[in-house]
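Asker: Shown below is the structure under consideration.
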Amino acid sequence: MSLKLGVIGTGAIGQDHIRRCSQTLLNSQVVAVTDINLQQAAKVVADLKLTAEVYPDGHALIKAADVEAILVTSWGPSHEEFVLAAIAAGKPVFCEKPLAVTAEGCRRIVEAEVAHGKRLVQVGFMRPYDQGYRALKAVIDSGQIGEPLMLHCAHRNPTVGENYKTDMAITDTLIHELDVLRWLLADDYVSVQVVFPRKSGKALAHLKDPQIVLLETAKGTRIDVEVFVNCQYGYDIQCEVVGETGIAKLPEPQQVQMRSGAKLSNAILMDWKDRFIAAYDVELQAFIDGVRAGQVGGPSAWDGFAAAVAADACIEAQNNGQIVKIALPDRPHFYG
């Protein structure tokens, strides 16, 4: 039997998830949708030829008897409200990042899930489902390069829009590294410093770009992440792990190598959707399969909380130029 899904939010990412759940993935059926713009929600249903009801709001959708699991893809500040409502209804919920717009909001979700007594929440961090990151983690976990000592990383975008602000380099961009690097290393952060190199002439007047984020983990691993969102040349994600006995590097996306016009070249992607489109399919299929098996897995509410705490410290470090401590409370046994 297909898992009957309700989707809250029919913007770009919501539409993508509705399409993949309806046309690409196995054992899922979108039976309910809603959006702050109900006309748009109805148009998505019509365009994708779905047999789905358009509900007046997220709470009505969550309460619907035929909705077995929820996808929250609405405006970020609404995520906490709908995730808490799904937990209260005892329904599994996949929430796109951010889990909540504050660490305190994430903490409330963690507490609600622990009180419920069973994992219901999966957070939409897709990089742990990327084939390249999984291969890199397999090398680290195998011990082939010894214990990780340093990580050199980069998150580069060709350009960003006028409304992109300096703190968004943390909350919209680095947030993916904050999650996936914890997962890669099975380690937590204890401090961060942010430094600003010479500003790119391609950056807008109000934006400090690039930035270098310097993280330290509980085990003493040092991480540097270059965030450069006006690099012009492409969308480029890098991660090199320096171990005691060797180095492992995130593989490049597969591209045809060309010899033409006296040049040897490989194309570079320009869009993050192209880089991680397969990971989105894998993560949502994992959610569907997990719910059907009675066990939600993947990035947890605790992972969402940990990323939010680290992000808050990074923004403080942006503003004061100092080394800022990152302090997490003890992880509940509930999360393993």
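Using the numbering used here, read the sequence shown as starting at 3 and increasing by one per residue. Ideal Cβ placement from N, Cα and C applies to all residues, glycine included. All of these numbers come straight from a predicted model, not from anything done at the bench.
1. Can you check whether the CB of Pro-150 is closer than 9 Å to the CB of Gly-245?
2. Looking at the secondary structure, which residues open and close the beta strand (DSSP E) in which Cys-233 lies?
3. Report the residue from His-81, Leu-73, Ser-80, Arg-110 whose alpha carbon sits nearest the alpha carbon of Val-95.
4. Could you pull the start and end residues of the beta strand (DSSP E) that Gly-126 belongs to?
5. Are the CB atoms of Val-123 and Val-69 within a distance shorter than 9 Å?
6. Helix, strand or coil: which one does DSSP assign to Asn-322?
7. On a CA-only basis, which of Tyr-282, Gly-299, Phe-198 is nearest Val-227? Give me that one, please.
8. Going along the chain, which residues of its own chain have a beta-carbon closer than 6 Å to the beta-carbon of Gly-148, five neighbours each way excluded?
9. Where Ala-91 and Lys-65 are concerned, what is the direct C-alpha to C-alpha distance, given to the nearest angstrom?
10. When the Cα of Leu-5 is compared with those of Met-170, Leu-27, Gly-300, Ala-14, which residue comes out closest?
11. Starting from the Cα of Asp-238, find the closest Cα among Phe-278, Gly-292, Gly-222, His-157 and give me that residue.
12. Grab me the residues of Ala-105's own chain with a C-beta within less than 6 Å of its C-beta, minus the 5 sequence neighbours each way, in chain order.
13. How big is the Cα-Cα spacing for Asn-29 and Met-3?
14. Please classify Asp-143 as buried or exposed, where buried requires at least 16 other C-beta atoms within 10 Å of its C-beta.
15. Identify every run of the beta strand (DSSP E) within the region 217–299, keeping only runs that are complete inside it and at least 3 residues long; order them along the chain.
16. Going by other Cβ atoms of all chains shown within 10 Å of its Cβ, with 16 needed for buried, is Ala-137 buried or exposed?
17. Roughly how many angstroms separate the alpha carbons of Asp-169 and Ala-264, rounded to a whole number?
18. Ignoring anything shorter than 3 residues, give me the beta strand (DSSP E) runs that lie fully in the region 93–173, in order along the chain.
19. Can you tell me which residues form a DSSP beta bridge with Gln-42?
20. Please state whether DSSP places Leu-1 in a helix, a strand or coil.
Answerer: If we stick to the structure as given:
1. yes
2. Per DSSP, Cys-233 belongs to no beta strand (DSSP E) and is neither H nor E.
3. Leu-73
4. 123–126
5. no
6. helix
7. Phe-198
8. Gly-245, Glu-246, Thr-247
9. 7 Å
10. Leu-27
11. His-157
12. Ala-310, Val-311, Asp-314
13. 7 Å
14. exposed
15. 224–230, 238–245, 249–251, 259–262, 265–268
16. exposed
17. 43 Å
18. 95–98, 123–126, 150–158
19. DSSP output for Gln-42 lists no bridge partner at all.
20. The chain is shown only over 3 to 338; residue 1 falls outside these bounds and no answer can be derived.
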